[in-house]
Amino acid sequence: MPADNRPVRDGPCPAALQLTIPGHAEAVSAGLRALLDARLLRALPDEGRGTAELVLAEVLNNIVEHAYARHSGEIEVTLSRDAGGILCEVADTGLPMPQGAPPAGQLPPLEGDNLPEGGFGWHLIRSFARDLEYRREGGRNLLRFRLES
Amino acid sequence: MELRAREQNGILVVHVPQDRIDAASAIQFKDRMREVTQDSPACVVLDLSQVAFLDSSGLGAVVAVRKALGPDRVLELSGLTPSVQKVFRLTRMDTIFRIHPSLPDGLRDAG
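For the protein sequence lines, the chains are A and B, in the order given. Quick note: the first sequence uses this note's numbering, first residue 3, plus one each step. Quick note: the second sequence uses this note's numbering, first residue 1179, plus one each step.
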């Protein structure tokens, strides 16, 4: 679906919304606020809404940091409600995932003086995202998962 | 990023008057923390009671601040909101940091 001029398409029935976000950190931060303010996610209880924001933030930040490490592009986010919860579909035209699959999300070891400052993102995503699927298609990364509502 | 720091009873309390520490603000947060903790006493308490959202970049920044304080100073945390607490718990960083439910009485008006 093409992006329209308004940032969030959010009709009277809160069944689906789509947002196209430029692939850089400031735009992701603003885009997340827009998604969280949309009716579909406003309808969630506080905890579910917090979880949605965290998982979407980690997914989008990874795209900015890794998929768009060498060139810029946009991120298309589509959220819809289905029987299992909130279906999230995220597409970008950046570099494919290494090894063609999302990382397993193992926590880095927290030992010694050299505490890790990163490597937590996929652990947080996998803590909450259900039915996670990734595929590369026509130069696009397509990630799809469900958040329980 | 604005931070409010105040030293009291040999403790530096740094209040974060922002609702998020995320990928867009993590570097600024680290830089500002470095400034306000220069010549700080041995105990630094980071008051996160206003921070409603922290992602893994924000968490990494808090860890970096702790490491930058070196072995002779300690960073403790206070007032984690439920979603920030969740990030610390899921990454087991709650086992690394001393976390206070809120600022002790004597420090409450700091910042």
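C-beta: ideal position from N, C-alpha, C; glycine also.
Around the C-beta of H125 (chain A), are 16 or more other C-beta atoms found within 10 angstroms, so that it is buried, or is it exposed?
Locating residue 125 (chain A) in the first sequence gives position 123, where the first residue counts as 1. Buried, since its Cβ has 16 or more Cβ neighbours within 10 Å.
Can you check whether the CB of R1251 (chain B) is closer than 8 Å to the CB of V1229 (chain B)?
Your numbering for residue 1229 (chain B) matches position 51 in the second sequence. Your numbering for residue 1251 (chain B) matches position 73 in the second sequence. Not closer than 8 Å, so no.
Comparing the C-beta of A147 (chain A) with each C-beta of chain B, is any distance below 8 Å?
As a position in the first sequence, residue 147 (chain A) is number 145, starting the count at 1. Going by the sequence as given, residue 147 (chain A) is Phe instead of Ala. No, F147 (chain A) does not count as interfacial toward chain B.
Hey, which unbroken runs of the beta strand (DSSP E) at 3 residues or more fall wholly within the segment 1191 to 1270 of chain B?
Those beta strand (DSSP E) runs which fall completely within the segment 1191 to 1270 of chain B and span 3+ residues are 1221 to 1225 and 1252 to 1256.
Can you name, in chain order, every residue of its own chain whose Cβ lies under 7 Å from the Cβ of R51 (chain A), other than the five neighbours on each side?
The residue you call residue 51 (chain A) lines up with position 49 of the first sequence. Cβ within range, chain order: L38 and L43.
Is it true that the CB of V79 (chain A) sits closer than 8 Å to the CB of L23 (chain A)?
Residue mapping note: residue 23 (chain A) aligns to position 21 of the first sequence, counting from 1. Residue mapping note: residue 79 (chain A) aligns to position 77 of the first sequence, counting from 1. Correcting the residue type first, residue 23 (chain A) is Ile in the shown sequence and not Leu. A contact, by the Cβ cut-off of 8 Å.
Whose CA, out of A:N116, A:G140 and A:P47, lies closest to the CA of P98 (chain A)?
Within the first sequence, numbered from 1, the residue matching residue 98 (chain A) stands at position 96. Per the Cα distances, A:G140.
Between which two residues does the alpha helix (DSSP H) holding S31 (chain A) run?
On the first sequence, position 29 is the one that residue 31 (chain A) refers to. Counting along the chain, the alpha helix (DSSP H) containing S31 (chain A) begins and ends at A27 to D39.
Can you list, in chain order, the residues of its chain whose CB lies under 7 Å from that of V66 (chain A), leaving out five sequence neighbours each side?
By 1-based counting over the first sequence, the position of residue 66 (chain A) is 64. The answer, listed in chain order, is G25, H26, A27 and V30.
For V92 (chain A), list the residues DSSP reports as bridge partners.
Position 90 of the first sequence, counted from the start, is the residue given in the question as residue 92 (chain A). The partner list for V92 (chain A) (beta bridge, DSSP) reads A:V79 and A:L145.
Quick check: what's the CA-CA separation for L1255 (chain B) versus H1278 (chain B)?
As a position in the second sequence, residue 1255 (chain B) is number 77, starting the count at 1. As a position in the second sequence, residue 1278 (chain B) is number 100, starting the count at 1. Their Cα atoms are separated by approximately 6 Å.
Any Cβ of chain A within less than 8 Å of the Cβ of G1289 (chain B)?
The residue given as residue 1289 (chain B) occupies position 111 in the second sequence. In this prediction, G1289 (chain B) has a pLDDT of 45, which is less than 50 and means its spatial position is unreliable; what the coordinates show is noted afterwards. No, because no Cβ of chain A sits closer than 8 Å to the Cβ of G1289 (chain B).
Grab the span of the beta strand (DSSP E) containing L134 (chain A) for me, first residue to last.
In the first sequence, the residue the question calls residue 134 (chain A) occupies position 132. Taken as a continuous stretch (DSSP letters only), the beta strand (DSSP E) holding L134 (chain A) covers R132 to E139.
Report yes or no: is there a C-beta of chain B within less than 8 Å of the C-beta of S129 (chain A)?
Translated into positions along the first sequence, residue 129 (chain A) becomes position 127. By this cut-off, S129 (chain A) is an interface position.
Taking just the CA atoms, how far does G114 (chain A) sit from Q20 (chain A)?
In the first sequence, the residue the question calls residue 20 (chain A) occupies position 18. In the first sequence, the residue the question calls residue 114 (chain A) occupies position 112. Spanning the two alpha carbons is a distance of roughly 44 Å.
Of the choices A:A17, A:A54, A:A18 and A:P47, whose alpha-carbon is the least far from that of R35 (chain A)?
Locating residue 35 (chain A) in the first sequence gives position 33, counting from the first residue. Taking only the C-alpha atoms, the option nearest R35 (chain A) is A:A54.
Return the first residue and the last residue of the beta strand (DSSP E) that A1183 (chain B) is part of.
The residue you call residue 1183 (chain B) lines up with position 5 of the second sequence. Here the beta strand (DSSP E) through A1183 (chain B) covers R1182 to Q1186.
Could you check which residue in B:V1191, B:F1275, B:N1187 and B:G1238 has the C-alpha nearest to that of F1207 (chain B)?
By one-based count along the second sequence, residue 1207 (chain B) stands at place 29. Nearest C-alpha to F1207 (chain B): B:G1238.
Give a yes or no on whether the C-beta atoms belonging to L89 (chain A) and R148 (chain A) are separated by under 8 Å.
Along the first sequence, read from residue 1 onward, the residue named residue 89 (chain A) stands at position 87. Along the first sequence, read from residue 1 onward, the residue named residue 148 (chain A) stands at position 146. Yes; because the gap between Cβ atoms is below 8 Å, this pair is in contact.
With DSSP as the reference, label H73 (chain A) as helix, strand or coil.
Counted from its first residue, the first sequence places residue 73 (chain A) at position 71. It is coil, neither helix nor strand.
Kindly indicate which three-state DSSP category G1284 (chain B) falls into: helix, strand or coil?
Mapped onto the second sequence, residue 1284 (chain B) falls at position 106. In this structure, G1284 (chain B) counts as helix in the three-state DSSP scheme.
Would you grab the beta carbon distance between A1201 (chain B) and S1235 (chain B) for me? Rounded to a whole angstrom, and I think it's under 8 Å.
To locate residue 1201 (chain B), count along the second sequence from 1; it is residue 23. To locate residue 1235 (chain B), count along the second sequence from 1; it is residue 57. Going by Cβ atoms, the distance from A1201 (chain B) to S1235 (chain B) rounds to 4 Å, so yes, they are a contact pair.
Using the C-alpha atoms, what's the distance from E1180 (chain B) back to V1192 (chain B)?
The residue labelled residue 1192 (chain B) in the question sits at position 14 within the second sequence. The residue labelled residue 1180 (chain B) in the question sits at position 2 within the second sequence. Going from the Cα of V1192 (chain B) to the Cα of E1180 (chain B) covers about 10 Å.
Do you know offhand how far L74 (chain A)'s Cα is from D1217 (chain B)'s?
Within the first sequence, numbered from 1, the residue matching residue 74 (chain A) stands at position 72. Within the second sequence, numbered from 1, the residue matching residue 1217 (chain B) stands at position 39. For clarity, residue 74 (chain A) is Ser in the given sequence; the question names Leu instead. Going from the Cα of S74 (chain A) to the Cα of D1217 (chain B) covers about 41 Å.
Using a threshold of 8 Å, state whether the C-beta atoms of Y136 (chain A) and P104 (chain A) are closer than that.
Taking the first residue of the first sequence as 1, we reach residue 136 (chain A) at position 134. Taking the first residue of the first sequence as 1, we reach residue 104 (chain A) at position 102. In this structure, P104 (chain A) lies closer than 8 Å to Y136 (chain A) by Cβ.
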